[in-house]
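S.K.:
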Amino acid sequence: MEPQMESEPSSLRNNLITVDRPDTAQLVDLHVYVIPTSVWQEQKNLAENDAIEQAISAGFVHVPQNLTIYDLRQHITDICGQEDGFPKDFIYLRSVGRCLAKVRPQQELELKVKNYRPPITFAPEIYVLEGHHDDDSSLASKSKSSLSHESSIQSSSSSTATTGRQESWTRSISESPAPIATLNPSFIHSSSEQQNSTILDRSATSSTSTLSRASSTLSARDLAKLREEQERLRLRQIELARQRREIEEEQQRRKTTESTQSDDSKTETRRFELPTRDIEAEKLKAAKEQEEQQRRRRELEVEAQKAALQREEQKRKVEQEKRQREIEQEEKNKNEQRNTLSKLEREKQEEEAATRIQASFRGYQSRQKSKDQKRHKTSNFAKSRGLWSADSDRKREQSPIKHKTIHSLPLERNEAQELERLQKEARELARRKAEEDHAEEIKAHEVVKLSEHLEKLKSERIELENNREAIIRRMQQLHAQIAVRRTEERDLWKQKYLVQKKKTAELEEKTRAAFQDQPDLASRTEQTKLRLNNSTKLRQQAENECQLLKQELHQMRSSLHSLEKSSIPAKLLPPPPLPQQQQQQNIPIIFDITLKY
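In terms of the UniProt record's numbering, the sequence shown opens at residue 1 and continues consecutively.
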């Protein structure tokens, strides 16, 4: 009985272990999106990652994860080709860096469906674009001359093997790829050898021709730029290769850890489902990682905005200072021009006034000379004729006013008018000169006031700039303190998370041990139940046999007593036996003990 009970759980365990997953579990779902041609930038031959928001869903395919995307093309056309808006010819796209790039035919044979699933990508999605690879080759032939020169220099600087690889790559782009399953391996080997030989010959001739052409057309500056571009591309390729290696190592590490975990807990994972706590913890971890990424992205955006604002502020400051210098220089030039013009005008007016005064004075002197000459002639003539006498001369001297009024009245009037006019002009000139001097003094005073006001404004501006710089410095300090606190809190929460994670690991081990011990406990309880039932049954059987033996013994005693009665008197007989009901009352009590779970 016991070996039969012990064999039952082992058979159950064996049945659980031998259960295999179906073949459909190896298939994965892949969402297919079509990128509109209006979003694709033909000149740059790319599309930004924001174009994913404008993508059109074409459905999904259910394919194995180790399938190449070249073979995936047939599945997509079979399932999604019935849609109206789905293109007949399409090109695969892949998000690399900040943009979506086209996948080349050679890469379609290397990339697989698992390369478009997490953790390599954000979600199980694949993007396609309407078109054909022949269109790319025609567009490449219509590129600019500068690009052709650059490609020629790059091809000349590279080795013959790399040039052969590039030509084979361009040939694979221009020609449509043939299915691999229909090709013969010997044919492939022979064709590849022929292509390599022809490519090496072409590369040897093209390298010399491109070198001569580049040396004749491009200057040293362009060559330096191209060398820098080549170096940058080489470093970028090295960085991408390193990142790819890290991703592959991480995948390999994850695979090894998953395999070890699956080997350790194979029976538990197949018999029991994952508890909800692990799923919630994974969800919380993914949400925290997503929040951390969003926070980092926001911090980067804020830092970029701050840097842009600082650059704009510096540019604005430089432009304001430049504008202010130009305004000050213009004001200085205008003031100098005004001063020079006012000085020249004043000098001209003074010279004109001086010339007028000199001319009037010379006229006055000439008129006085002419009067004296006439008077001298008249006196000489009178003396010669005897008409002159001392009395007359005395009378003439005593009454000069009468003589003047009689002989030179109009001349004196003209002279007086001329003198008055000259005096008026002189007074006018003096007044104007005084007014100009006063205006110059006022202007000088205003200039001093303006300069003082400008100095005051300049000092206020400097003080405001200092205050602004102090405020910016304080804000930066506060931002740094906030960042430090944030990092401290993050580290603290990370430590708490790690502590809880360690505790959860211990609890998981305990639960796993409990799950392992649970079937043994069940089997033990069943065995104990069977043993108890067997022991109770045996006890009841023994008690029944004891009762039967007692009854037989009592009958034998009664028969003996009856025999003795006949020979022994009644007084000496033993007391009569008890009735059978009283004997049955002395039967022991039996408990049926059963365990119920």
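We put the CB at the ideal spot given by N, CA and C, even for glycine.
1) Determine, using beta carbons only, whether Leu-30 and Pro-119 come nearer to each other than 7 angstroms.
2) Helix, strand or coil: which one does DSSP assign to Ser-38?
3) Using 7 angstroms as the threshold, is the C-beta distance between Ala-47 and Leu-111 below it?
4) Tell me the DSSP secondary structure of Asp-84 in three-state form.
5) May I have the straight-line CA-CA distance separating Lys-114 from Ile-247, to the nearest angstrom?
6) Do Tyr-92 and Val-103 count as a contact pair if the criterion is CB distance below 7 angstroms?
7) Does Cys-80 pass the burial test, meaning 16 or more other C-beta atoms within 10 Å, or should it be called exposed?
8) Please tell me whether Tyr-70 and Leu-129 are closer than 7 angstroms, where the distance is taken between their beta carbons.
9) For Val-39, tell me which candidate among Gln-54, Thr-504 and Val-28 has the shortest Cα-Cα distance.
10) Hey, Leu-429 and Ala-353: beta-carbon distance below 7 angstroms or not?
11) Is it buried or exposed, Phe-361, if we count other Cβ atoms within 10 angstroms and call 16 or more buried?
12) For Phe-90, does the count of other Cβ atoms within 10 angstroms reach 16, so buried, or fall short, so exposed?
13) Measure the alpha-carbon distance for Glu-441 versus Ser-459 and round it to whole angstroms.
14) Per DSSP, Tyr-127 forms a beta bridge with which residues?
15) What residues in its chain sit with their C-beta under 6 angstroms from that of Gly-131, if we drop five residues either side in the sequence?
16) Using a Cβ-Cβ cut-off of 7 angstroms (strictly less than) and excluding sequence neighbours within five positions of Asp-517, which residues of its own chain qualify?
17) Between the alpha carbons of Glu-228 and Ala-307, how many angstroms are there, rounded?
18) Since Ile-56 and Pro-36 are thought to touch, with beta carbons under 8 angstroms apart, how far apart are those beta carbons, to the nearest angstrom?
19) Using alpha carbons as the reference points, say which of Gly-59, Gln-310 and Thr-68 lies closest to Asp-78.
20) Which residue or residues does DSSP assign as beta-bridge partners of Pro-118?
21) How close, in whole Å, do the beta carbons of Arg-98 and Asn-49 come, if the pair is a contact with beta carbons under 8 angstroms?
22) Based on the DSSP secondary-structure assignment, which residues constitute the bridge partners of Ser-57?
23) For Val-113, write down the residues that DSSP places opposite it in a beta bridge.
24) Just to confirm the assignment, what range does the beta strand (DSSP E) spanning Ala-51 have?
25) Buried or exposed: which applies to Ile-471, given that a residue is buried once 16 or more other Cβ atoms fall within 10 Å of its Cβ?
26) Alpha carbon to alpha carbon, what distance is there between Leu-309 and Gln-320?
27) Could you check what DSSP says for Lys-102 in three-state terms: helix, strand or coil?
28) Among Glu-488, Val-34 and Arg-244, which residue has its Cα nearest to the Cα of residue 650?
29) Can you tell me whether Leu-507 is buried or exposed? The criterion is at least 16 other CB atoms within 10 Å of its CB, across all chains shown.
30) Note down the Cα distance separating Lys-529 from Met-556, rounded to an integer number of angstroms.
31) So, His-75 versus Leu-27, is the Cβ gap smaller than 7 angstroms?
32) Could you tell me the distance, in whole angstroms, from the CA atom of Glu-303 to the CA atom of Val-499?
33) Write down the C-beta distance between Arg-346 and Glu-436 rounded to the nearest angstrom, noting that I regard them as a contact closer than 8 angstroms.
M.R.: Let me lay it out:
1) no
2) coil
3) no
4) coil
5) 13 angstroms
6) yes
7) buried
8) no
9) Gln-54
10) yes
11) exposed
12) buried
13) 27 angstroms
14) Tyr-33 and Leu-93
15) Ile-91
16) none
17) 27 angstroms
18) 7 angstroms
19) Gly-59
20) According to DSSP, Pro-118 bridges with nothing at all.
21) 6 angstroms
22) Tyr-33
23) DSSP, once it has assigned bridges, lists no residue as partnering Val-113.
24) Where Ala-51 is concerned, there is no enclosing beta strand (DSSP E), given that its DSSP letter is neither H nor E.
25) exposed
26) 16 angstroms
27) strand
28) Residue numbering for the chain in the displayed model covers 1 to 597; residue 650 lies beyond these limits and cannot be assessed.
29) exposed
30) 41 angstroms
31) no
32) 33 angstroms
33) 6 angstroms
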